[in-house]
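Before any comments, here is the structure.
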Amino acid sequence: MSKLSGKVQTVLGLVDPEQLGRTMTHEHLTMSFECCYFPPPPGDEAVAVDPFHMQHMHWLRQNPYSSHENLLLQQETAAVHDELLAYRKAGGGAIVENTTAGIERDLPALRQLAKDTGVHIIAGAGYYVDCTHTEDTRKMSVEKLSDIMVSEVLHGADNTDIRCGVIGEIGTGWPITESEARVLRAAAHAQTKLGCPVIIHPGRNPAAPAEVVRILQEAGGDIGKTVMSHLDRTIFDHGELLEFAKLGSYLEYDLFGMEMLNYPYNLVVDMPSDSQRVKTLAFLVKEGYEDKIVIAHDIHTKNRLVKFGGHGYSHILKNIVPKMLLRDISQHQVDKILIDNPKHWLTFK
Ligand SMILES: [Zn+2]
C-alpha cells in the first residue's frame, strides 16, 4: 500500500493531506434516501406530495422524510454544484461524500463535481444499513465483503476507475443485524489491509456506538482511525458521552443545521439545536477531546439545500464557527476540528 501511505485519496486521485483545508467529514452530494421514507402525519398527505412552496417550508423542516420528492437529492446536482462553489468561497476545501451502496452512490457525478468546483471530494466504500442490503450482499462472507471494499479503494467502484478514499458510512441499526455485523467485520479487515479511514453510522440507541466499536475491535479494526457519526442524535448524557469518548474513535457531530421537534426514527429523543450542539463541542473540548472532534451537516434531503430555503454546505463555516468562538472554543481549536483532525483521519497509514 506504499502508494497510498501518507496520502489522501480523492475522486480525482491522490493528494497531499495539506491540500485539503477545511473539511466537512460527513456529507452527501448525490444520493437517494427512499429507503427511509416515513409516512406523513394524518391529514398532511396533500402537503407531502407537493411540499416545495414557501408556505410549506416549515412543514418540510419538521417532516423531511415524509415527502418522496424530498428524498431524491440525486436530482439536484446542478444546485449542489453551485453550493460547492459557495462552499469554496466561504473557505471550504474538502468534503467527505460518504454515500455507500444502498443509497445510490454516484461516483461519476462526484468526479464531475470535483472537477468543476475545485472542492476535494473523498468518496465512501462499503454498505449502508441492513434494509438496503441486497440478497447478494447478505449471502457474502466477511472475506468476500472485505475484498470488495479493498477493491473499491484500490481499483475503483461501481464499474468505474474512480477510487474511494474512506470506508463508510457503514450503516448499522439497533440492534445490529447479522448482515450489518458481517459488513463491520469486513470493514475492519479491509482497514487492516489498507491503513485507511473508516466512518460508521450507528443505530439510534446510546449503547450502539460502543457496540460497533466492540465488533470492529474484535475484528482487528483501528478505532483511532474510525469516525463515529451522528453522536448528536445518539448519546445525550454527558457521562455516557465521556465513557464512549474514552474508546478512542473520532467523535462526529454531523447534523448541524437540522433542527426538528419530532425525529420520526426515534420519537423519544430530543434532537438538539445547533446551540446545544456547540455547547456539547465546548464540553468535549474542555474535557480534552479537541483532537478527536469532527463536524459536518450530513445533508441528505433536498430541503437542506440553499435552493429550497435550507442552510446549505457553508452553514458551519458561516454560522457555527462564530458561535464556537463565542463559546470559548479557540480559533486554534476550531482549526483542529475543521482542518487537522479530518486531515489526520483521512491520511492513509
Ligand atoms: Zn450520512
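Letter by letter, the sequence shown follows residues 691 to 1039 of our numbering. Glycine included, each C-beta is placed from N, C-alpha and C at the ideal position.
Worksheet item: Given 8 Å as the limit, is there contact between the region 713-727 and the region 753-769, that is, 3 or more CB pairs closer than that?
Response: yes
Practice prompt. Any chance you could list the residues with Cβ under 7 Å from a heavy atom of ligand 1, keeping chain order?
Written response: 716, 718, 788, 859, 891, 919, 988 and 990
Worksheet item: In or out: residue 817 buried (at least 16 other Cβ within 10 Å) or exposed?
Response: buried
Worksheet entry | Per DSSP, cross-strand counterpart(s) of residue 784 | 713 and 810
Worksheet item: Taking DSSP as the reference, what is the three-state secondary structure of residue 908?
Response: helix
Worksheet item: What are the boundary residues of the beta strand (DSSP E) that residue 918 is part of?
Response: 916-918
Fill in: Run of the alpha helix (DSSP H) containing residue 843, from where it starts to where it stops
832-844
Fill in: CB-CB length for residue 1031 against residue 982, believed under 8 Å
That belief holds up - the Cβ atoms of residue 1031 and residue 982 are roughly 7 Å apart, short of 8 Å.
Worksheet entry | residue 857 - partner residues in DSSP beta bridges | 815 and 888
Discussion item. Our contact map puts residue 804 next to residue 700 with C-beta atoms below 8 Å; I'd like the distance itself, whole angstroms only.
Written reply: Going by Cβ atoms, the distance from residue 804 to residue 700 rounds to 7 Å, so yes, they are a contact pair.
Worksheet item: Over what stretch of residues does the beta strand (DSSP E) that includes residue 1021 continue unbroken?
Response: No beta strand (DSSP E) contains residue 1021, which is instead part of the alpha helix (DSSP H) from 1021-1025.
Discussion item. With three or more beta-carbon pairs closer than 8 Å as the criterion, would you say the region 993-1011 touches the region 743-753?
Written reply: yes
Worksheet item: Whose C-beta lies closer than 7 Å to the C-beta of residue 820 among residues of the same chain, with five residues either side of it excluded?
Response: 863, 867, 869 and 870
Fill in: Whether residue 889 touches residue 908 by CB criterion (8 Å)
no
Worksheet item: So which of 712, 843 and 882 has the shortest CA-CA distance to residue 1021?
Response: In this structure, 712 is the residue among 712, 843 and 882 with its C-alpha nearest to the C-alpha of residue 1021.
Worksheet item: In the DSSP assignment, what are the bridge partners of residue 700?
Response: 703
Worksheet item: Among all the DSSP beta bridges, which residues are the ones paired with residue 985?
Response: 943
Worksheet item: Can you round the beta-carbon distance between residue 1006 and residue 985 to whole angstroms, since I take them to be within the 8 Å contact cut?
Response: Right, the Cβ-Cβ distance comes to about 6 Å (below 8 Å), so this counts as a contact.
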